[in-house]
Amino acid sequence: MVLSRPVIHVVDDDPAIRDSLAFLLEQEGMRVILYQDGQDFLARLINSGSDPAQPACILTDLLMPEIDGLQFQAHLESRGIDLPLIMMTAHGQVPSAVRAMKAGAIDFLEKPFQDTQLLEAISRALITCMQRRRQEEIASAAASRLSILTQREQEVFDLLVAGHSNKEIGRVLGISPRTVDVHRAHVFHKLEVDTLPDLVRLSMDSGRSGVQ
Numbered sequence: 001m002v003l004s005r006p007v008i009h010v011v012d013d014d015p016a017i018r019d020s021l022a023f024l025l026e027q028e029g030m031r032v033i034l035y036q037d038g039q040d041f042l043a044r045l046i047n048s049g050s051d052p053a054q055p056a057c058i059l060t061d062l063l064m065p066e067i068d069g070l071q072f073q074a075h076l077e078s079r080g081i082d083l084p085l086i087m088m089t090a091h092g093q094v095p096s097a098v099r100a101m102k103a104g105a106i107d108f109l110e111k112p113f114q115d116t117q118l119l120e121a122i123s124r125a126l127i128t129c130m131q132r133r134r135q136e137e138i139a140s141a142a143a144s145r146l147s148i149l150t151q152r153e154q155e156v157f158d159l160l161v162a163g164h165s166n167k168e169i170g171r172v173l174g175i176s177p178r179t180v181d182v183h184r185a186h187v188f189h190k191l192e193v194d195t196l197p198d199l200v201r202l203s204m205d206s207g208r209s210g211v212q
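Per full-length UniProt numbering, residue 1 is the first one in the sequence shown, and the count goes up by one each step.
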């Protein structure tokens, strides 16, 4: 359930298009921030930051001066800006839009498009945004739990979730199976879990892959 007014970042060098999109989206109850190009967006977002509780997405034109939509997309990725991106394209630019989707854009709209097409694309983008942020929260919470383990306990944890037996873990780490048992008990106690599947889920939530 979206509790905060969504923010739509509109990046387009054509002021008439920016204003038209702003009018439509504001009528739908969205907050719209306009940018004349990708560089304008990058500078202003870095200076202002963003509210993690606020669903947001980027609506950008593909063909722009200075940096085009694909270059803008690459800048976003390099700076760790993970907002869902919708690419607007003119007729004949579809191959480039497909490249954008392969690079991570979640949708593209070929001009001229209907208002309903735009609103549906934005709805999908906002849902994606909230799903990503929820996953980030889960990963952060899991990583915080794992941080209380000692280095040796983390090594045992990784080997456990990779499917190794106590005997194998002892051989890999150069310790006795009895010592592995002690570390394993500490891992389960500190993480407040009861079963190995619980450990595996925690590992997946944190983004750790374990040792193969």
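From the three backbone atoms N, C-alpha and C, an ideal C-beta is built for every residue, glycine too.
In this text, all values refer to a predicted model and were calculated from it rather than measured experimentally.
Can you look up residue i in the DSSP assignment and give me helix, strand or coil?
i: residue 202; result: helix
i: residue 58; result: strand
i: residue 130; result: helix
i: residue 4; result: coil
i: residue 211; result: Residue placement at residue 211 cannot be trusted, given a pLDDT of 45 that sits under 50; the coordinates are not used to answer.
Going by C-alpha to C-alpha distance, which of the options sits closest to residue i?
i: residue 68; options: 163, 99, 116; result: 99
i: residue 144; options: 121, 190, 182; result: 190
i: residue 133; options: 75, 83, 45, 78; result: 83
i: residue 201; options: 177, 142, 183, 153; result: 142
i: residue 116; options: 28, 131, 85; result: 28
i: residue 110; options: 90, 66, 65; result: 90
i: residue 204; options: 33, 186, 146; result: 146
i: residue 79; options: 108, 122, 45; result: 45
i: residue 165; options: 184, 26, 76; result: 184
i: residue 139; options: 24, 34, 208, 57; result: 208
Does the separation of the CB atoms of residue i and residue j fall below 8 Å?
i: residue 161; j: residue 199; result: yes
i: residue 38; j: residue 72; result: yes
i: residue 128; j: residue 106; result: yes
i: residue 10; j: residue 59; result: yes
i: residue 6; j: residue 31; result: yes
i: residue 119; j: residue 88; result: no
i: residue 169; j: residue 159; result: yes
i: residue 153; j: residue 187; result: yes
i: residue 19; j: residue 65; result: no
i: residue 96; j: residue 76; result: no
i: residue 86; j: residue 108; result: yes
i: residue 22; j: residue 34; result: yes
Using a threshold of 7 Å, is the CB atom of residue i nearer than that to any non-hydrogen atom of the ligand COA?
i: residue 70; result: For the ligand COA, the structure offers nothing, since it holds no ligand at all.
Subject >> Secondary structure, alpha helix (DSSP H): runs of 4+ residues fully inside the UniProt domain "Response regulatory" (7 to 126) >> reply: Correct list: 15 to 27, 38 to 48, 69 to 78, 94 to 102.
Subject >> beta strand (DSSP E) segments (min. 3 residues) lying fully within the UniProt domain "HTH luxR-type" (142 to 207) >> reply: List check, beta strand (DSSP E) in window: nothing returned.
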